[in-house]
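Enquirer:
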Amino acid sequence: MSLPLSSASKSPIKSDLMQDARVRAVIKENLYRGMLVRPIIVTATVIMFWYLLEVWPNNLRLMLALGIWGTNSILYLALHFYHRFQDMDKRQLPEASSMYLKLLVLNCWIDCAALGFVGLLITIERPDFESMVVIGLIMYMFSAFIKNISYATASRFLPALVFMPVTIAFLMRGDVAHIIIAVYFIISTFSLSVYGASAAAAIQLPIKQQYEIAKQNEALSQLTKQLSIERDRADAANAAKSHFFTAASHDARQPLQAISLLFDGFKMSSQTNLQDKKIIEKIEVNLNAIRHLFDRVLDISRIDSGHVTPEIKNFSLQKLFNKLDAQFGELAASKGLWLHFVPTAAWVEHDSELLDRIVSNLVHNAVKYTQTGGVWVAWRQARGRLEIRDSGIGISSGEQATIFNEFAQVNNPARNNDAGLGLGLSIVKRLAELTQTPFGLRSQKNMGSTFWLELNAKPLQNNLLNAQQTALNNFTKVPAAKMEKPLAGLTIFMWKITLNYATYLNNRCSTQVLLLRRALI
207 MSLPLSSASK
217 SPIKSDLMQD
227 ARVRAVIKEN
237 LYRGMLVRPI
247 IVTATVIMFW
257 YLLEVWPNNL
267 RLMLALGIWG
277 TNSILYLALH
287 FYHRFQDMDK
297 RQLPEASSMY
307 LKLLVLNCWI
317 DCAALGFVGL
327 LITIERPDFE
337 SMVVIGLIMY
347 MFSAFIKNIS
357 YATASRFLPA
367 LVFMPVTIAF
377 LMRGDVAHII
387 IAVYFIISTF
397 SLSVYGASAA
407 AAIQLPIKQQ
417 YEIAKQNEAL
427 SQLTKQLSIE
437 RDRADAANAA
447 KSHFFTAASH
457 DARQPLQAIS
467 LLFDGFKMSS
477 QTNLQDKKII
487 EKIEVNLNAI
497 RHLFDRVLDI
507 SRIDSGHVTP
517 EIKNFSLQKL
527 FNKLDAQFGE
537 LAASKGLWLH
547 FVPTAAWVEH
557 DSELLDRIVS
567 NLVHNAVKYT
577 QTGGVWVAWR
587 QARGRLEIRD
597 SGIGISSGEQ
607 ATIFNEFAQV
617 NNPARNNDAG
627 LGLGLSIVKR
637 LAELTQTPFG
647 LRSQKNMGST
657 FWLELNAKPL
667 QNNLLNAQQT
677 ALNNFTKVPA
687 AKMEKPLAGL
697 TIFMWKITLN
707 YATYLNNRCS
717 TQVLLLRRAL
727 I
């Protein structure tokens, strides 16, 4: 019976560990290793036989008990040699150990019972040998107990078989000294029985656990191999998919480009009425959608195939804001939305092209899913985050878990291509993981969304001073006569400009420089 390790550890004494054939096999081997002590006992028995035959030749009961003890010892040795000359693999089989273990324990019980009876007879016939009997029984008991301690049943009853006959004889004497010795034997018998049961379980449990751990390790090893095979298959399938998409996208882009050129020529040259113009506009929309789809699929395949390598450098975040403002400003205005990029002097450490693609996808999604209000993009210096907020439809908590998967879309169950293809956020996730950029979102249904990126930014103060110093160097290279006239009479607002620079502008250019203590953002 297989026993869970947790329950066995909670109640080791009650655990029927000996029902496990593997545990029995190990216990049998442990008992076998202690059998070599038996020749010493047999030799001592032969000497005792000779001595007692000389002293009590007419004591039949004693001679019978000694004969049983000696014969049992010879059987014990025979069992040992039978086991010794068996094939190692055969004798270690769990199924082959059951009968051997039963014979071994039965022999031990007969041995202890015979020894206890011999001790009783010697005590009755020769009271002057009591000390020798007590010492001999104690020494033999402890040697047998330690040898058989791994088997709970044997270690529990061996003390009673050895000590109880002599204990009864001492109690029958009735004097104080013998009663004290008898009480000592009773206490020792009870203590050894309890300890033997606990110790046997403590020995058997690690044996059981050893096999269970080995079994679990084997299962884990098989599972690891299977997972490795499945992972290799998945990697191969993913590589094949990426290769197919790359090849298909590349091959399809050429005829698509030819169709686009032909369509542009047709649109410019043909004389069309109002109905034809509507058809042409629909054709153009679908061509743009197909072109956009191929671009997204090609992006994903290039990222998955490892053909995109980040090039980290420092650059101004404001340049990215200006580019995105020009790119999406008209789209937002066409929907009646405001698109606001908060001015910033921050410089970040990132791949400028990949960050452009990440943020442009986020801004495009924000504009696409916002019907009223607008989109706000800003660098949050205190948090070290670039945030893109919108007042759009929002994303429920259930959809947030899958929103970064391929073709995942919000409020588009019919897969309407006018609402997009659901690849933008998948590209964002891939590029963010590729550049090791932490990202996330906060959103509630019908409450808008905030997507954020954690970026490494250089200190603002150093960036400002570097920019100011560069401007000052370029400014002082221009002759005063050329710069006084254009700047004369102007009021210039500067943030954290050096005092020498402000004085220079006031004196040389007839300008009024006002130093701002806070940024106008």
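All residue numbers for the sequence shown refer to the numbering used here, where the first residue is 207 and numbers rise by one. Where a beta carbon is used, it is the ideal one built from N, C-alpha and C, also for glycine. What you are looking at is a predicted structure, and each value in this text was computed from that prediction instead of being measured.
What did DSSP end up calling A320 once you bin it into helix, strand or coil?
Expert: In the structure shown, A320 sits in a helix (DSSP, three-state: H, G or I).
Enquirer: Within 10 Å of its beta-carbon, does T578 have 16 or more other beta-carbons around it, so buried, or fewer, so exposed?
Expert: Counting Cβ neighbours within 10 Å, T578 comes out exposed, since fewer than 16 surround it.
Enquirer: Is there contact here, the region 419 to 432 with the region 374 to 393, by at least three beta-carbon pairs under 8 Å?
Expert: Judged by Cβ distances under 8 Å, the region 419 to 432 makes no contact with the region 374 to 393, as fewer than three pairs qualify.
Enquirer: Work out the CA separation of Q416 and L283 for me, nearest whole Å.
Expert: The straight-line gap from Cα to Cα measures roughly 31 Å.
Enquirer: Label P619 either buried or exposed according to how many other C-beta atoms from any shown protein chain fall within 10 Å of its C-beta, with 16 as the threshold for buried.
Expert: Caution applies to P619, whose pLDDT of 42 falls short of 50 and renders its modelled position unreliable; the value that the coordinates give is listed next. Exposed is the call here.
Enquirer: Are the CB atoms of V554 and L647 within a distance shorter than 8 Å?
Expert: Not in contact: L647 and V554 (Cβ atoms no closer than 8 Å).
Enquirer: Among the candidates L504, V311, F469, A663, whose CA atom is the shortest distance from the CA of K488?
Expert: Of the candidates L504, V311, F469, A663, the one whose C-alpha sits nearest the C-alpha of K488 is F469.
Enquirer: Do the CB positions of F547 and V573 come within less than 8 Å of each other?
Expert: For F547 and V573, no; Cβs fall outside 8 Å.
Enquirer: Please list, in chain order, all residues of the same chain as T682 whose beta carbon is under 7 Å from its beta carbon, the five residues on each side excluded.
Expert: Residue placement at T682 is flagged as unreliable, the pLDDT there being 44, under the threshold of 50; the coordinate-derived value follows with that caveat. No residues qualify anywhere along the chain.
Enquirer: Near N652, what residues of its chain come up, given a Cβ to Cβ distance below 8 Å and the 5 sequence neighbours on each side ignored?
Expert: Excluding sequence neighbours, N652 sits near I599, G600.
Enquirer: Verify whether the separation of the beta carbon atoms of I506 and I633 is less than 8 Å.
Expert: Yes, they are a contact pair.
Enquirer: Please name the residue, chosen from V581, L568, R267, W585, that lies closest to A551 on a Cα-to-Cα basis.
Expert: With distances taken between Cα atoms, A551 lies closest to W585.
Enquirer: Suppose you measure from the CA of L268 to the CA of I328; what does that come to, to the nearest Å?
Expert: Straight-line Cα distance between these residues: approximately 8 Å.
Enquirer: Taking only three categories from DSSP, how would you classify T550?
Expert: If DSSP states are grouped into helix, strand and coil, T550 belongs with coil.
Enquirer: For a quick check, are the C-beta atoms of S399 and R362 less than 8 Å apart?
Expert: Contact: yes.
Enquirer: Would you kindly work out how many angstroms separate the C-alpha atoms of F527 and P461, rounded to a whole number?
Expert: Cα to Cα, the separation comes out at about 35 Å.
Enquirer: Could you tell me the alpha carbon to alpha carbon distance between L543 and A425, rounded to whole angstroms?
Expert: Looking at the two C-alpha atoms, the distance is approximately 60 Å.
Enquirer: Would you say L637 and I509 are within 8 Å of each other, going by their C-beta atoms?
Expert: Their beta carbons are under 8 Å apart, which means L637 touches I509 by this criterion.
Enquirer: What are the boundary residues of the alpha helix (DSSP H) that includes E559?
Expert: Run containing E559: 558 to 574, per the alpha helix (DSSP H) assignment.
Enquirer: For the putative contact between T163 and L523, defined by C-beta atoms under 8 Å, what is the C-beta separation to the nearest angstrom?
Expert: Here the chain covers residues 207 to 727 and nothing more, so residue 163 does not appear.
Enquirer: Can you check whether the CB of G654 is closer than 8 Å to the CB of S597?
Expert: Yes. Within cutoff.
Enquirer: What is the residue span of the alpha helix (DSSP H) that N528 lies within?
Expert: Unbroken alpha helix (DSSP H) run through N528: 523 to 540.
Enquirer: Helix, strand or coil, according to DSSP, for G646 in the structure here?
Expert: Strand at G646.
Enquirer: Taking 7 Å as the cut-off, is the CB of T643 close to at least one heavy atom of the ligand GTP?
Expert: Absent from the structure shown: the ligand GTP. Ligands present: none.
Enquirer: Going by Cα to Cα distance, which pick from M305, S466, T576, I316 is closest to A271?
Expert: For the residues M305, S466, T576, I316, the minimum Cα distance to A271 belongs to I316.
Enquirer: Counting only the same chain and skipping the five closest in sequence on each side, list residues whose C-beta sits under 7 Å from that of V569.
Expert: Same-chain partners within the cutoff: L530, F534, V581, V583, I594.
Enquirer: What is the DSSP secondary structure of G325, reduced to helix, strand or coil?
Expert: If DSSP states are grouped into helix, strand and coil, G325 belongs with the helices.
Enquirer: Looking at the unbroken beta strand (DSSP E) that takes in A584, where does it start and where does it end?
Expert: Per DSSP, A584 belongs to the beta strand (DSSP E) from 580 to 586.
Enquirer: Which word fits S279, buried or exposed, when buried means at least 16 other C-beta atoms lie within 10 angstroms of its C-beta?
Expert: So S279 counts as buried.
Enquirer: CB-CB under 6 Å to F376, same chain, minus the five flanking residues each way: which ones, in chain order?
Expert: Here the set comprises H384, I387, A388.
Enquirer: Sorted by chain position, which residues of the same chain lie with C-beta nearer than 6 Å to A539's C-beta, five sequence neighbours on each side aside?
Expert: There are no such residues.
Enquirer: Going along the chain, which residues of its own chain have a beta-carbon closer than 6 Å to the beta-carbon of G630, five neighbours each way excluded?
Expert: Cβ neighbours of G630 beyond the five flanking positions: N567, N571.
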